[in-house]
Each structure stands twice: as structure tokens, then as C-alpha cells.
Amino acid sequence: MSYEAIRLDIDTSSRVATITLNRPDKLNSFTRAMHQELNDALGQVEASGARALVLTGAGRGFCAGQDLADLDFTPGAMTDLGELIDAHFNPLIRRLQALPLPVIAAVNGTAAGAGANLALACDLVLAARSANFIQAFVKIGLVPDSGGTWFLPQRVGMARALGLAITGDKLSAEKAENWGLIWQAVDDTELAATASKLAAQLAQQPTRAIAAIKQAMRAGATQTLDQQLDLERDLQRQLGASHDYAEGVQAFVEKRAPRFEGR
Numbered sequence: 008m009s010y011e012a013i014r015l016d017i018d019t020s021s022r023v024a025t026i027t028l029n030r031p032d033k034l035n036s037f038t039r040a041m042h043q044e045l046n047d048a049l050g051q052v053e054a055s056g057a058r059a060l061v062l063t064g065a066g067r068g069f070c071a072g073q074d075l076a077d078l079d080f081t082p083g084a085m086t087d088l089g090e091l092i093d094a095h096f097n098p099l100i101r102r103l104q105a106l107p108l109p110v111i112a113a114v115n116g117t118a119a120g121a122g123a124n125l126a127l128a129c130d131l132v133l134a135a136r137s138a139n140f141i142q143a144f145v146k147i148g149l150v151p152d153s154g155g156t157w158f159l160p161q162r163v164g165m166a167r168a169l170g171l172a173i174t175g176d177k178l179s180a181e182k183a184e185n186w187g188l189i190w191q192a193v194d195d196t197e198l199a200a201t202a203s204k205l206a207a208q209l210a211q212q213p214t215r216a217i218a219a220i221k222q223a224m225r226a227g228a229t230q231t232l233d234q235q236l237d238l239e240r241d242l243q244r245q246l247g248a249s250h251d252y253a254e255g256v257q258a259f260v261e262k263r264a265p266r267f268e269g270r
């Protein structure tokens, strides 16, 4: 399938997929059509057997959130934002979080509104030093969505989360790294190469174990210790029967690098 609002590249040799949001003239802001294309592309990534995914943006920005031009502001017929979120943004965030492979956001330039929270929904966030994150919702009288009110307090604490959400101020990539909001800020010229290198590295790791780590870490935010201990036990039991566990142990015994297959 050919796309207009995104680009999809799947490198079969490295087993790394890259999705590029591709509306640079609109700072890659979301339309319904873009959501549909992205949903289809994620399906292709899963079906391809890719073992790592990079999500980035074309041009001078990562994603500016919702394209307001795609909404109806006619009195009496205004777009139901709850319906829009339920149909598009929430399924996207849930799908990214549940993907059984590592997802890296490579944030170039502005990540605003739902675009900022789209990045935070990825497993690891790399950002160019010139990039910034903006919880811009308050500037048009809205609340952070796409998981913003969940990701922010968990990562930076309530005081900073409220500050970001209530002021709508820009947060630089370097401060985002210092606060623990993202994994790493890198020089602008190194962003693409750093993301590609990290994705290639992760694609060689035990993919099932990474998926289980994602599941367990996220469950820990809402579970009791007893529940979490049981989940760890269950996941460890499953992984203990996997090919990659056997390979990892054998490689350790033989003092060689493991050859994981993601199964």
C-alpha cells in the first residue's frame, strides 16, 4: 500500500522498520487519513517480522498534534473530541504500548500536544538537542490527552507534570533528559544515525523478553507488589521455555555472543 501522510521502510536485513510522519508542511500534524495510514503501517510492521521500530517525523518537526483544519467548528456541528480520541488517538497509544517489539521515537524539532505524548508512548525517546516538548493543550482550553496525564506524572513527578500541563511551556530536549522524561538528547546531526544504531542493536536482542519487560514495567504502575511478583513469575516461566533463553544460557556457557532469534 502506498501512503501519502507517512512513509514506511522495512529493512529486511537488519529487521528494523522506520515509520516517518510525512506532512512536513503541517509539522506532521494528525488528520483522520494519517491515523488510518499509520494504523495500516503498524500492521505491516508486525506482519513483516521486524524486531525494532523507529518512529520519526519529516522536515523540521516531529509532530504538532491534531491538525485543527481537519476538525469541524461549525456551531451545532462541532467535532466531538471524545469521539475523535476514542476512534483514533487512544487506539494508537494502546497499540504502540502493546507492540511486541521495541519502539524508538526519534524526535526532530517540535513535539507538541498529542505529538509530544505520541513520542512518550514509545519505549525509548531520542531527541535532537534543538527539539522541544510542549503540552500545548491548555493554550486552546483542553486537557492533555493521548496518555499525557499518565506519562507525565510517572516520569517527572506531579509538580513538574502540572507545571508543564498548566503553563503549556516548552521543555527543551536536554531538560527533558535531565528530568527523566526521555532516554537521551543527542546532537541534531546525530539523531538519525543514533536511532538507527540503537534500533539495529535492539533488533538483535531477545524480542520476546523485551516485550515481557515492557508489559511488566507498565503493569507495575497500577499493581500491588504481590500482583507484580506473580506477573514476574508467570512471565519468567514463559520465557524460560523460549528458544532465546536456551540460546542465551548456551552462549554464556560457551563464552560467545548469543544469536537471538526473537522466539
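When we follow our numbering, the leftmost residue of the sequence shown carries the number 8, and every step to the right adds one.
All residues carry an ideal CB built from backbone N, CA and C; glycine is no exception.
The way I'd put it, the region 243 to 251 doesn't touch the region 112 to 129; fewer than three beta-carbon pairs between them come closer than 8 Å. For secondary structure counted as the beta strand (DSSP E) over 3 or more consecutive residues, the region 33 to 99 holds these complete runs in sequence order: 59 to 64 and 68 to 70. Nearest to residue 168 by alpha-carbon distance, out of 190, 141, 192 and 191, is 141. According to the DSSP assignment, residue 177 belongs to the beta strand (DSSP E) that extends over 177 to 179. With distances taken between CA atoms, residue 14 lies nearest to 31 out of 31, 156, 235 and 22.
Residue 133: member of the beta strand (DSSP E) spanning 131 to 135, first to last residue. Cβ-Cβ separation between residue 37 and residue 121: approximately 7 Å, consistent with a contact (criterion under 8 Å). Non-local beta-carbon contacts of residue 135 in its own chain, meaning distances under 6 Å to residues more than five positions away in sequence, involve 115, 195 and 198 in chain order. Inter-segment contact for the region 206 to 214 and the region 155 to 168 is absent: fewer than three beta-carbon pairs are separated by less than 8 Å. For residue 173, the enclosing alpha helix (DSSP H) stretches over residues 165 to 174. A check of alpha carbon separations from residue 213 across 46, 59 and 42 identifies 59 as the nearest. Contact check for residue 251 and residue 215: beta-carbon distance about 6 Å, within the 8 Å limit, so the pair qualifies.
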